[in-house]
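Let me begin by presenting the structure, written as structure tokens, before commenting on it.
In this note's numbering, the protein residues as written are 494 to 886.
Here it is as structure tokens:
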């Protein structure tokens, strides 16, 4: 299948670093009380699994764009509910449609409670990187995820380690663990985990403003500083904390590892179980649908078409806020994620007139640490003019 390189959307499609695939949409074997994706049940009322035809079109048309590296991120809900046969088929489709010299990589984000030896072998054999959710010690982890889930995660980790499957740890920061800082980091580090990502949760509450399990900007800033103090004293080069690694790259003039730090909001799109395309998994709502992999004229490319849409244009234009203009740290946080701008209606996306709930935390953290990140970038051979080549005009 060919792609029209003259199409305006083609240039945007060439920027696609990955797609997030929701093979079972919101479907999950757990019902974590803070899960932002549960609301997607309003868009797709019944449990679904992506069918083979949609899977193939999604794969074929993405790889037809011709990017040298194509990355699939499988998420949910709980993507393992799609079953092992589904993933076997997905990997076969990727190989079938792989272009010459094209590298295809896969990552799966999972609560890990369904992982058995067969799953561990499948992931190891296909070199799938797993993001395993672990929110801390048993009492903390089980509070929102359910009794017994902590033990199941640790059992899954043992199976993955036995098969030498690659995985990192994803920790959702909420009102139960955001105050633990160093204690939480040391807990994960001392369990032998070397790749950590801390994800602050900011969800709209019923009465407007953040939900009670959300973190505040001040709490997030304090958490980062507490972890940073332990990490930079003892674990630089030994333990990867994704936000810190991304900050080093950004301070050195490179592109950050996190989408909030590249300021583009175009590094990936979401593909739902039925082929619907959205700009971000925090915005899977009817008004943000940009296309569908099954609904594209013959000879066209659904990703190119979606990226040309008015929906994607509106989404990209909403990435900054007027309040961020002139801020000395804007080139680092890029205004934060759009979904962290809560409006009184209890929804995401406050638009250009609002700033991120986490803004005070970003400022507090970078005020204390930017000098260190700049020196570390210089030590690693990175160079940035005027404190950061990534700085926007």
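Using N, Cα and C, we set each Cβ at its ideal position, and we do this for glycine too.
Looking only at C-alpha atoms, which of the options sits nearest to residue i?
i	options	result
residue 632	626, 624, 641	641
residue 827	799, 859, 564, 767	859
residue 552	806, 566, 743	566
residue 676	688, 651, 716	716
residue 541	512, 523, 571	571
residue 868	778, 742, 785	742
residue 683	658, 728, 670	728
residue 685	608, 726, 857, 647	647
residue 738	865, 672, 697	865
residue 634	752, 527, 591, 592	527
residue 754	698, 812, 608	812
residue 607	591, 623, 645	645
residue 627	724, 525, 751	525
residue 775	722, 834, 616, 718	834
residue 587	672, 545, 751	545
residue 718	543, 705, 672	672
Straight-line CA distance for residue i to residue j?
i	j	result
residue 841	residue 862	Legend: pLDDT at residue 841 = 48, less than 50; position of this residue unreliable, no value from coordinates given.
residue 563	residue 594	11 Å
residue 884	residue 818	Because residue 884 carries a pLDDT of 29, less than 50, the predicted location of this residue cannot be relied on, and no value is offered for it.
residue 769	residue 783	8 Å
residue 878	residue 747	Because residue 878 sits at a pLDDT of 43, beneath the cut-off of 50, its placement in the model cannot be relied upon, and the point is left open.
residue 870	residue 749	12 Å
residue 636	residue 643	10 Å
residue 887	residue 519	The question about residue 887 has no answer, for the chain in this structure spans 494 to 886.
residue 805	residue 799	7 Å
residue 668	residue 810	32 Å
residue 707	residue 695	5 Å
residue 794	residue 558	8 Å
residue 569	residue 736	23 Å
residue 670	residue 745	31 Å
residue 512	residue 759	10 Å
residue 856	residue 734	19 Å
residue 831	residue 657	37 Å
residue 678	residue 821	29 Å
residue 726	residue 872	16 Å
residue 801	residue 792	16 Å
residue 847	residue 807	16 Å
residue 731	residue 740	17 Å
residue 814	residue 556	34 Å
residue 789	residue 522	33 Å
residue 785	residue 762	11 Å
residue 875	residue 659	28 Å
residue 560	residue 703	39 Å
residue 435	residue 771	An answer regarding residue 435 cannot be provided, because it is not within the stretch 494 to 886 covered by the chain.
residue 777	residue 767	13 Å
residue 845	residue 823	Since pLDDT at residue 845 reaches only 40, below the 50 mark, its modelled position is unreliable, and the value read off the structure follows with that caveat. Cα-Cα distance, rounded: 14 Å.
residue 617	residue 723	32 Å
residue 697	residue 751	22 Å
residue 781	residue 619	33 Å
residue 839	residue 592	Reliability fails at residue 839, whose pLDDT of 45 lies under 50, so the model's placement of it is uncertain and no value is given.
residue 705	residue 757	30 Å
residue 699	residue 599	36 Å
residue 543	residue 816	41 Å
My understanding is that residue i touches residue j, with C-beta atoms under 8 Å, so please give their C-beta distance in whole angstroms.
i	j	result
residue 803	residue 829	No, residue 803 and residue 829 are not in contact; Cβ-Cβ is about 24 Å, not under 8 Å.
residue 710	residue 854	4 Å
residue 764	residue 515	7 Å
residue 539	residue 787	Actually they are not in contact, since the Cβ atoms of residue 539 and residue 787 sit about 18 Å apart, beyond 8 Å.
residue 825	residue 713	No, residue 825 and residue 713 are not in contact; Cβ-Cβ is about 14 Å, not under 8 Å.
residue 629	residue 680	6 Å
residue 597	residue 621	11 Å between Cβ atoms; not a contact.
residue 554	residue 796	6 Å
residue 575	residue 517	5 Å
residue 603	residue 573	6 Å
residue 625	residue 779	Going by Cβ atoms, the distance from residue 625 to residue 779 rounds to 32 Å, so no, they are not a contact pair.
Within the present structure, is the beta-carbon of residue i separated from the nearest heavy atom of the ligand COA by less than 7 Å?
i	result
residue 635	Absent from the structure shown: the ligand COA. Ligands present: none.
For residue i, would you say it is in contact with chain D, using Cβ-to-Cβ distances shorter than 8 Å as the test?
i	result
residue 685	Looking for chain D here will not work: only one protein chain is present.
Exercise. Please confirm if the stretch 576-585 is in contact with the stretch 527-539, defined as three or more CB-CB distances below 8 Å between the two stretches.
Key: no
Self-check item: Entirely enclosed alpha helix (DSSP H) segments - the stretch 617-678, minimum 4 residues
Solution: 631-638, 642-655
Quiz item: Can you list the alpha helix (DSSP H) stretches of 4 or more residues lying completely in the stretch 665-753, in chain order?
Solution: The DSSP assignment places 675-683, 710-727, 735-744 as complete runs of the alpha helix (DSSP H) inside the stretch 665-753, in order along the chain (cut-off: 4 residues).
Practice problem: Flag this pair as touching only if the stretch 689-708 and the stretch 658-671 have three or more C-beta atom pairs under 8 Å; answer yes or no. | Solution: Yes: the two stretches touch, three or more of their Cβ pairs being nearer than 8 Å.
Quiz item: What beta strand (DSSP E) runs, 3 residues minimum, are completely inside the stretch 518-601?
Solution: 562-567
Quiz item: Okay, do the stretch 645-658 and the stretch 612-624 touch, 3+ Cβ pairs below 8 Å being the bar?
Solution: yes
Self-check item: Runs of beta strand (DSSP E) wholly within the stretch 762-812 (minimum 3 residues, chain order)
Solution: 769-771
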